[in-house]
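To start, the structure itself, in structure tokens.
There are 4 protein chains.
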Amino acid sequence: MSNSFGQLFRITTFGESHGKSIGVIIDGCPAGIDFNLDFIVSELNRRRPGQSSITSQRKEDDYPEVLSGVYEGKTTGAPVCIVIANKDQKSADYAHIASQFRPSHADYTYFIKYGTRDFRGGGRSSARETANWVAAGAVAKMLLKRVGIHITAYVSSVGDIVLKKNYKVLNLSEAEQNIVRCPDPASADQMIELIKKIRKQGDTIGGVVSCVAENMIPGLGEPVFNKLHAALGHAMMSINAVKGFEYGSGFAGTKMKGSQHNDQIISEKGKVTTRTNFSGGIQGGISNGADIYFNVAFKPVATLMIDQESLNEAGEQVIIQGKGRHDPCVVPRAVPIVEAMAALVIADFVMISQSTKLGALSDHK
Amino acid sequence: MSNSFGQLFRITTFGESHGKSIGVIIDGCPAGIDFNLDFIVSELNRRRPGQSSITSQRKEDDYPEVLSGVYEGKTTGAPVCIVIANKDQKSADYAHIASQFRPSHADYTYFIKYGTRDFRGGGRSSARETANWVAAGAVAKMLLKRVGIHITAYVSSVGDIVLKKNYKVLNLSEAEQNIVRCPDPASADQMIELIKKIRKQGDTIGGVVSCVAENMIPGLGEPVFNKLHAALGHAMMSINAVKGFEYGSGFAGTKMKGSQHNDQIISEKGKVTTRTNFSGGIQGGISNGADIYFNVAFKPVATLMIDQESLNEAGEQVIIQGKGRHDPCVVPRAVPIVEAMAALVIADFVMISQSTKLGALSDHK
Amino acid sequence: MSNSFGQLFRITTFGESHGKSIGVIIDGCPAGIDFNLDFIVSELNRRRPGQSSITSQRKEDDYPEVLSGVYEGKTTGAPVCIVIANKDQKSADYAHIASQFRPSHADYTYFIKYGTRDFRGGGRSSARETANWVAAGAVAKMLLKRVGIHITAYVSSVGDIVLKKNYKVLNLSEAEQNIVRCPDPASADQMIELIKKIRKQGDTIGGVVSCVAENMIPGLGEPVFNKLHAALGHAMMSINAVKGFEYGSGFAGTKMKGSQHNDQIISEKGKVTTRTNFSGGIQGGISNGADIYFNVAFKPVATLMIDQESLNEAGEQVIIQGKGRHDPCVVPRAVPIVEAMAALVIADFVMISQSTKLGALSDHK
Amino acid sequence: MSNSFGQLFRITTFGESHGKSIGVIIDGCPAGIDFNLDFIVSELNRRRPGQSSITSQRKEDDYPEVLSGVYEGKTTGAPVCIVIANKDQKSADYAHIASQFRPSHADYTYFIKYGTRDFRGGGRSSARETANWVAAGAVAKMLLKRVGIHITAYVSSVGDIVLKKNYKVLNLSEAEQNIVRCPDPASADQMIELIKKIRKQGDTIGGVVSCVAENMIPGLGEPVFNKLHAALGHAMMSINAVKGFEYGSGFAGTKMKGSQHNDQIISEKGKVTTRTNFSGGIQGGISNGADIYFNVAFKPVATLMIDQESLNEAGEQVIIQGKGRHDPCVVPRAVPIVEAMAALVIADFVMISQSTKLGALSDHK
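Chains as they are written, first to last, in this note's numbering: chain A, 1 to 365; chain C, 1 to 365; chain V, 1 to 365; chain B, 1 to 365.
Below you can see the structure in the form of structure tokens.
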């Protein structure tokens, strides 16, 4: 059951990085949604390695094949299965670590849990899996389009280079104009420079992805154990290499007084809104209609081009060699993944919210 | 379904702060666990208001009544229902806000979502609910006792007063020796002083609760959508007033290089372990046997003793008066809540982990 | 998780027959439903023992106490907890079987599964639990009232006395006019006579409850694993003593030819309908708007007033004495239970059906 | 969520009869199970059309492709995805019914529910889907092999030809020796003759499949809402064309007295057993170690070679022509499907049962 996510708009995924293919079943997508395969391809292209000089040079030419659930350009209400073939597998790249535990990878924990592991590319623990999420998230975005909700993520820090500007003063669409996906060109340049320097060292660096959901519907979120931000947090913490999640004021809010932090409720053009938005668009786990914004912390990639000491399955000390094709910094490619997971969560809550509408219930009669 | 949490060790809760009582059903607790009612009482006492000079003076003399699932001192495998009566309800305290939306409370979002609200004490959005979690968490701790896992939370910051010491150099059991629940006496004094000052101002302040799970079993956690840290994050984000969650290196890890951050795997007395533990005891969503540690960010309490501008249900501007009995800082009382939610998550994963043990399967034959 | 039922309109129950009380949490009930406590009482009265000369003389004066989720006569969207105290417990009645396994009871299986058992009244396996279901089902009926769906169950056989008439030619409301709950007065008399005769023998007898859902909404049911009839079957098979379930033509349909069995689709007053209804109102797992009807088979009650041979926990042969207060035939009291479970299933599917309505989705914008 | 089945051993399926392929993800299968692809193929061959003179002449040369979750002949703990291509699709066969509602098919209900339908072969409502279940069931059987449980289904009636012998006096392995899959050769001949006669008439006929699970583990099943027989019933009612389910004494049990029906508990060679087994191996929803047996009622196939009146989407009266390649009687091919669903249910309960074993819990320490 642990390979499914969501309640009504629910995905179930499969696939290892070096198997025949990976894929996702989207179960619960309503019938009649306009299905745009090109959009899925373009979202996958935003995620794939090899897209720029600061990402892994591995080539995953991801082409999503839709096996079910779509007929004449629309979803049918049946489960939508999307499969993506694994093409550029170089299992040989992994032969040297077949019985070694790479530091801060999942090699040891998979071995101890499952008693076996598919060492080629990390098997199920590989970030290859996130291609499934991006494909499914693209379908969730198609649904959200009908209700007008728009989700945008961007890189807000790489190592010590931190974008200090609030998303409100940024033009978020600029994020896609540079290879690091930071909407502030000056910061973007610094980030790119840092990543290049780190890569030369054979090292890696962490960073933060920020995300904003605009044109939100109020009333989404299901207290007490399915609060909107708890589900978003769960989704983000599911992404490989994530170490933290905060929304609204986040950790900085812990240093504030209530008199500073409380969002005064006001009426603007006859609409209820708030003067500030430290709440991050969510109160008591339910959206209030204001923008939702949150940050996701990514650790530095664990695969280095530097030799490291470790153990093998026999418990002997070994040297893990720095080889392979990996990202020096994961955040630029994580941007579409964060968006996808956010879209999956919010689409699900839109549907859950629908289920309790009494007006609609009476229409049946 | 949103009032249930957990998969095999699963709780379902009910109750408003000003109804007759609140309660929790624990479904899936194995039969034969030693059931200690006194322990539940002591855990509830750690959470209840009125326990010290820096918490709310509201009195909740919480006595858990066990309605089912326990027979002759042991769990029977049937659902355990624990009910806690609401005694010290002063609904009159809330009359003045019956139709007003308190800033940064859930008043407006509940109103917009449910079309109605039980204004007395925040209804379902009240932190009163967390008494259910503490009671259920105490039962989870009884189960964890059998496998030796031990969970301890403590206050690591209040406003700007930050405990900078690593949990390894602290004596965590000292946390319960002072009213702010910080294991470093010097920091504790400063925190208490700050809270008292803030309260005098009629204001509130945020803070951070840290938590450690020791003597962990390796192999807990279910990739890819039920990773151990994702479930912990979901649990923590469910707690009222929480704005962020990080584990292991957390947000600080985003500024580190891979060569600093990677935990070198070593053999110590024939046991696999790591030289550092930036991973926070979890790799690829699965525990590796090292300590799990994480931080939970709490915003300042939204109820102030200061007047605030807001709107009422009719959309008219009103002044919300500062009245009632509330905490100037929520983190000291949040400590047992964080522990309880962590215990619920880990107990659940212990059971899930059991379900796949092939050796045990063969024993059936 | 096994004490919860339903997906969006979801109940979780607790309680043993001889504990302090039993109860149910209804999670997911929409806000704003008119809540009628008297109706719950009247439904419980239809189920309770001691209501007539052919039921158990045990007295359960069931009074439902609503602990949460209702405010000023309406549901609030919060979980509704209903608790029913156990009053007429005579644990002494069970002392003689404390360590004995009653034939065809759950004594042995509970003992083997849980390693312990609360022998008093069967613990969790007691039909006392069904009072929870009737209470929750009454709330489901309140929801179904808004959409106009009406559910009626009745006794259609007791032992060899079989009501051969189709429900269409019966006046179902007459079922409540006699103590056996058969809508055909002549058959009812025969059934009552048979039950009285059986009781005199200290024996028990089985029977069938039939159920009809009228004024159905088309489109309810979720293929492929949550077909409407599969969920109804699951619900009915959950009721104590049930051995079988069939809907529409049922087992008799296995002897028919397709040319006889197919329901010809016709237009009647501009509405799509069928000439016959062997389908039982469901095709491909989805309601077609025609009446749903089904039968539920109940075995004879296992508790006899006749001595029986058996084993005790030590594996020694013992004589189980015929004692206690039990029903000679369970079907009259099962009628409201069958209705309640059907209401829970259908209310759930109404809500699930709501969740995918695209028109409503667009209204958000 | 409605395309998933099971809790810990959980399948999620996709695919329409006339799409590119169908498939199933098995999530939760423990690591280390011996994986036998040939066995899956042989099970699919038992289900496929065209296997004998009394089944549909449609050819589905089902070859299961395993995309994930298996490595070097063993399951890895990762989700196992099995895809089966659709090869012998003749969409043209369905062109004549593109906008017509076939009587007693799901055409009308899918249309009303989803607002659209993929008319080619019934889309998602096609029995083609059951190939997924047979493939997944084969994997469940691999798991059950480790615990020794053995499941066998067979045809026990076709129309009026009823096999009256109890399974105990039959040699169940003989079922696979004839094309109707009835273990009694004399009855088998009569059934085959009847099916051939019916087919000549262009008509169809119903029947019953019986199933036995031998060498059962006691203690499987999760009261109160996941009783073993309720889950089996749910599984069987999910199969296309099923109208009823009964276990143990079933509907016949409703005519029995308690003194006849109760299974006397005895000790046989130091093992607890019962003199009779009207309970069908399950008491209180939990297996007692005796054989489980149950019957599944199948209606006559709805597709006839005879013209039928019906309506089209515009509400106009039309004649549905009898064309295509269909089974005159579904029960012979349903045998492996019934076995597969039973295996899925029981494998799931074996795993759930594992999760609560306290002895194993203590082993962790």
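Positions of the beta carbon are idealized from the N, C-alpha and C atoms, including for glycine. Owing to the predicted nature of the structure, the values given are computational and were not obtained by experimental measurement.
* Straight-line Cα distance separating residue 67/C from residue 124/C -> Within the second sequence, residue 124/C is the residue found at index 124, counting from 1. Within the second sequence, residue 67/C is the residue found at index 67, counting from 1. The straight-line gap from Cα to Cα measures roughly 22 angstroms.
* To do: Check the C-beta distance from residue 267/C over to residue 104/A and give it rounded, since I have them as a contact under 8 angstroms.
  => For the purposes of this step, residue 267/C is identified with residue 267 of the second sequence, where counting begins at 1. For the purposes of this step, residue 104/A is identified with residue 104 of the first sequence, where counting begins at 1. Contact doesn't hold; Cβ gap of about 17 angstroms is too wide.
* To do: Give a yes or no on whether 8 angstroms exceeds the smallest Cβ distance from residue 8/B to chain C.
  => Translated into the one-based positions of the fourth sequence, residue 8/B becomes position 8. Yes, residue 8/B counts as interfacial toward chain C.
* Do residue 341/C and residue 210/C have their CB atoms nearer than 8 angstroms? -> What you label residue 341/C is simply residue 341 of the second sequence in a count that begins at 1. What you label residue 210/C is simply residue 210 of the second sequence in a count that begins at 1. It is not a contact, given that the beta carbons lie outside the stated cut-off.
* To do: Can you give me the start and stop residues for the beta strand (DSSP E) that residue 271/V sits inside?
  => The residue labelled residue 271/V in the question sits at position 271 within the third sequence. First-last of the beta strand (DSSP E) with residue 271/V: 271–274.
* Asked: What number of angstroms, rounded off, separates the C-alpha of residue 317/B from the C-alpha of residue 227/V?
  -> The count along the fourth sequence starts at 1 and reaches residue 317/B at position 317. The count along the third sequence starts at 1 and reaches residue 227/V at position 227. Residue 317/B and residue 227/V: Cα-Cα distance of roughly 29 angstroms.
* **Contact between the stretch 268–288 of chain V and the stretch 321–328 of chain V (3+ Cβ pairs under 8 angstroms)** => no
* Asked: So which residues on chain V does residue 303/A lean against when the C-beta distance must stay under 7 angstroms?
  -> Position 303 of the first sequence holds residue 303/A. Ordered by position in chain V, no residue passes the 7 angstroms Cβ test against residue 303/A, which lies about 39 angstroms from the chain.
* Does any C-beta atom of chain B lie closer than 8 angstroms to the C-beta of residue 354/C? -> One-based indexing of the second sequence puts residue 354/C at position 354. Closer than 8 angstroms to some Cβ of chain B, the Cβ of residue 354/C qualifies, so yes.
* Asked: Residue range of the beta strand (DSSP E) that residue 293/C falls in?
  -> One-based indexing of the second sequence puts residue 293/C at position 293. Per DSSP, residue 293/C belongs to the beta strand (DSSP E) from 292–298.
* Cβ atoms of residue 165/B and residue 160/V: under 8 angstroms apart, would you say? -> Taking the third sequence and counting its residues from 1, the one referred to as residue 160/V is at position 160. Taking the fourth sequence and counting its residues from 1, the one referred to as residue 165/B is at position 165. No.
* Asked: Candidates 348/V, 65/V and 4/V: which alpha carbon is nearest residue 21/V's?
  -> Taking the third sequence and counting its residues from 1, the one referred to as residue 21/V is at position 21. Closest option to residue 21/V, Cα to Cα, is 65/V.
* Asked: Just checking my contact of residue 8/A with residue 32/A at CB under 8 angstroms: how many whole Å lie between their CB atoms?
  -> Working through the first sequence from its first residue, we reach residue 8/A at position 8. Working through the first sequence from its first residue, we reach residue 32/A at position 32. About 16 angstroms; that fails the 8 angstroms criterion.
* Where does residue 185/V land, buried or exposed, given buried means 16+ other C-beta within 10 angstroms? -> Walking along the third sequence from the start, residue 185/V turns up at place 185. Counting Cβ neighbours within 10 Å, residue 185/V comes out exposed, since fewer than 16 surround it.
* To do: Check distances from the C-beta atoms of the stretch 289–314 of chain A to those of chain C and list, in chain order, the residues that come in under 7 angstroms.
  => 297, 298, 299, 300, 301, 302, 304, 306, 308, 309, 310 and 311
* Asked: If we count the other Cβ atoms within 10 Å of its Cβ and call it buried at 16 or more, is residue 62/C buried or exposed?
  -> Mapped onto the second sequence, residue 62/C falls at position 62. Label assigned to residue 62/C: buried.
* Asked: Could you give the distance in angstroms between the alpha-carbon of residue 194/V and the alpha-carbon of residue 100/V?
  -> The residue given as residue 194/V occupies position 194 in the third sequence. The residue given as residue 100/V occupies position 100 in the third sequence. Rounded to the nearest angstrom, the two C-alpha atoms are 31 angstroms apart.
* Asked: residue 107/C touches chain V at which residues, Cβ-Cβ below 8 angstroms?
  -> Locating residue 107/C in the second sequence gives position 107, counting from the first residue. Going along chain V, no residue has its Cβ under 8 angstroms from residue 107/C, so there is no contact; the nearest lies around 13 angstroms.
* Residue range of the alpha helix (DSSP H) that residue 239/A falls in? -> Residue mapping note: residue 239/A aligns to position 239 of the first sequence, counting from 1. First-last for residue 239/A: undefined, no H or E at that position.
* Grab the span of the alpha helix (DSSP H) containing residue 163/V for me, first residue to last. => On the third sequence, residue 163/V is found 163 positions in, with the first residue counted as 1. First-last for residue 163/V: undefined, no H or E at that position.
* Which residues in the same chain as residue 235/B place their Cβ atom closer than 8 angstroms to its Cβ, once the five residues preceding and following it in sequence are excluded? -> Start at 1 with the first residue of the fourth sequence, and residue 235/B comes out as number 235. Only 5, 341, 342, 344 and 345 meet the Cβ criterion.
* To do: Report back the beta-carbon spacing between residue 34/V and residue 142/V to the nearest angstrom; my notes put them in contact at under 8 angstroms.
  => Indexing the third sequence from 1 puts residue 34/V at position 34. Indexing the third sequence from 1 puts residue 142/V at position 142. So it is a contact: roughly 6 angstroms between Cβ atoms.
* Check whether residue 320/A and residue 102/A have beta carbons under 8 angstroms apart -> As a working note, residue 320/A is residue 320 in the first sequence. As a working note, residue 102/A is residue 102 in the first sequence. Yes. Within cutoff.
* For a contact meaning CB atoms closer than 7 angstroms, what does residue 61/B contact in chain A? -> The residue labelled residue 61/B in the question sits at position 61 within the fourth sequence. Those within 7 angstroms of residue 61/B in chain A number zero; the least Cβ separation is about 18 angstroms.
* Reduced DSSP secondary structure (H/G/I, E/B, other) of residue 2/A -> Taking the first residue of the first sequence as 1, we reach residue 2/A at position 2. Three-state DSSP puts residue 2/A in coil, outside helix and strand.
* Asked: Should the stretch 247–254 of chain A be called in touch with the stretch 256–263 of chain C, which here means at least 3 C-beta pairs below 8 angstroms?
  -> no
* **Complete runs of the alpha helix (DSSP H) confined to the stretch 315–360 of chain V [at least 4 residues]** => 331–355
* Asked: CA-CA distance, residue 365/B and residue 135/B?
  -> Against the fourth sequence, residue 365/B aligns to sequence position 365. Against the fourth sequence, residue 135/B aligns to sequence position 135. Caution applies to residue 365/B, whose pLDDT of 45 falls short of 50 and renders its modelled position unreliable; the model cannot decide the point.
* To do: Could you tell me how far apart the beta carbons of residue 11/B and residue 24/B are, in whole angstroms, since I believe they sit closer than 8 angstroms?
  => By 1-based counting over the fourth sequence, the position of residue 11/B is 11. By 1-based counting over the fourth sequence, the position of residue 24/B is 24. Right, their Cβ atoms sit about 5 angstroms apart.
* Three-state class that DSSP yields for residue 179/C in the structure shown -> Looking up residue 179/C in the second sequence gives position 179. Note: residue 179/C maps to coil in three-state DSSP.
* Asked: What residues of chain A sit near residue 351/B, judged by a beta carbon separation below 9 angstroms?
  -> Residue numbering aside, residue 351/B sits at position 351 when the fourth sequence is read from its first letter. The contacting residues do not exist; residue 351/B stays about 11 angstroms from chain A at best.
* Comparing the C-beta of residue 73/A with each C-beta of chain B, is any distance below 8 angstroms? -> On the first sequence, position 73 is the one that residue 73/A refers to. So, not an interface residue.
* **residue 310/C and residue 57/A closer than 8 angstroms at C-beta** => In the second sequence, counting from the first residue as 1, residue 310/C sits at position 310. In the first sequence, counting from the first residue as 1, residue 57/A sits at position 57. For residue 310/C and residue 57/A, no; Cβs fall outside 8 angstroms.
* Tell me whether the beta-carbon of residue 80/B lies closer than 8 angstroms to the beta-carbon of residue 73/B. => On the fourth sequence, position 80 is the one that residue 80/B refers to. On the fourth sequence, position 73 is the one that residue 73/B refers to. Taking 8 angstroms as the Cβ cut-off, residue 80/B and residue 73/B do not qualify as a contacting pair.
* Just tell me which of 15/C, 30/C and 14/C has its CA closest to the CA of residue 1/V. => For the purposes of this step, residue 1/V is identified with residue 1 of the third sequence, where counting begins at 1. When each option's Cα is compared against that of residue 1/V, the closest is 30/C.
* Using 10 angstroms around the beta-carbon of residue 42/C, count the other beta-carbons present and answer buried if the total reaches 16, otherwise exposed. => Taking the second sequence and counting its residues from 1, the one referred to as residue 42/C is at position 42. Exposed, since its Cβ has fewer than 16 Cβ neighbours within 10 Å.
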